[in-house]
Amino acid sequence: MEAFKKLEATAASLQIANIDTDQIIPARFLKTPRSTNHGDFLFHDIRRQSDGELDPKFVLNTPENSRTQILVADTNFGCGSSRESAVYALFDAGIRCVIAPSFGDIFYNNSVKNGLLPIELSRRKIEDIWQTLKTANTVKIEVDLENQTIHLPNGTNYTFEIDAFRKQTLIEGLDDIDLTLKYSQLIRDHEKNNATKRPWTATID
1 MEAFKKLEAT AASLQIANID TDQIIPARFL KTPRSTNHGD FLFHDIRRQS
51 DGELDPKFVL NTPENSRTQI LVADTNFGCG SSRESAVYAL FDAGIRCVIA
101 PSFGDIFYNN SVKNGLLPIE LSRRKIEDIW QTLKTANTVK IEVDLENQTI
151 HLPNGTNYTF EIDAFRKQTL IEGLDDIDLT LKYSQLIRDH EKNNATKRPW
201 TATID
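Take a look at the structure:
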């Protein structure tokens, strides 16, 4: 998993509340192999007009936001079904951080496990960031996970909270498999000790 420590990047605002995982990636794309670029499916339906063409007014369709890595979203982002592909779509499209007043719980957990940083801020702070993003076509902000701070170009700084364990897995780039391997020696020692005490449970080679 790609580690996350500090990111200075273009940010875009998505001012739509209750964006669910089906809007992030429609269900018809869920059987697509992980090796395929899921970024092509990100917001597939809501970023298009009724004729199927890309809507030039949708924030991520504009030239200045084509390389956005930070998404400043609205309330309850990632609600709905528990599809991990929603995170794949964001990550493969280049999004590394989503800032919002609140998230769907499962989406939040899936984000951390796949190297995408979800940050919860109060609505007032989110609206302040939205206002900052209106000041120019392209606005870069800095997200510092190690110090748990967000720096805006106008000099405003915000702090954010994150669980210490989740923070460390993101900084070290550890997914569930990496975490297990990190304790592989302890696991082997336990199996050896257990085989001595309870030989009937030992693995047969």
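According to the numbering used here, the sequence shown is numbered sequentially starting from 1. In this text, a Cβ means the ideal position worked out from N, Cα and C, and glycines have one as well. All values derive from a computational prediction rather than experimental measurement.
Can you give me the Cβ contacts of residue i inside the same chain, cut-off strictly under 6 Å, excluding the 5 residues immediately before and after it?
| i | result |
| --- | --- |
| residue 77 | 19, 100 and 103 |
| residue 195 | 202 |
| residue 126 | 101 |
| residue 58 | 47 |
Can you check which of these residues, the options, is closest to residue i by C-alpha distance?
| i | options | result |
| --- | --- | --- |
| residue 123 | 143, 116, 73 and 108 | 73 |
| residue 88 | 136, 142 and 26 | 26 |
| residue 142 | 2, 8 and 4 | 8 |
| residue 32 | 189, 83 and 2 | 83 |
| residue 6 | 69, 59 and 106 | 69 |
| residue 97 | 34, 145 and 63 | 145 |
| residue 13 | 95, 200 and 201 | 95 |
| residue 1 | 176, 151 and 135 | 176 |
| residue 64 | 107, 35 and 139 | 139 |
| residue 67 | 191, 35, 80 and 137 | 137 |
For residue i, does the three-state DSSP call read helix, strand or coil?
| i | result |
| --- | --- |
| residue 100 | strand |
| residue 17 | coil |
| residue 46 | coil |
| residue 207 | What the structure shows of the chain is the stretch from 1 to 205, and residue 207 is not part of that stretch, so it cannot be assessed. |
| residue 41 | helix |
| residue 73 | strand |
Under DSSP, the alpha helix (DSSP H) around residue i begins and ends at which residues?
| i | result |
| --- | --- |
| residue 179 | 176-182 |
Cutting at 7 Å between CB atoms, please list the residues of its own chain near residue i, excluding the five before and the five after it.
| i | result |
| --- | --- |
| residue 54 | 47, 48 and 61 |
| residue 15 | 74 and 130 |
Would you kindly report the start and end of the unbroken beta strand (DSSP E) that includes residue i?
| i | result |
| --- | --- |
| residue 10 | 6-14 |
Can you list, in chain order, the residues of its chain whose CB lies under 8 Å from that of residue i, leaving out five sequence neighbours each side?
| i | result |
| --- | --- |
| residue 3 | 115, 170, 171, 172 and 173 |
| residue 209 | Since the first residue of the chain shown is 1 and the last is 205, residue 209 is not available in this structure. |
Uninterrupted beta strand (DSSP E) stretches inside the stretch 91-164 (no shorter than 3 residues): List check, beta strand (DSSP E) in window: 97-100, 117-120, 140-144, 149-151 and 157-159.
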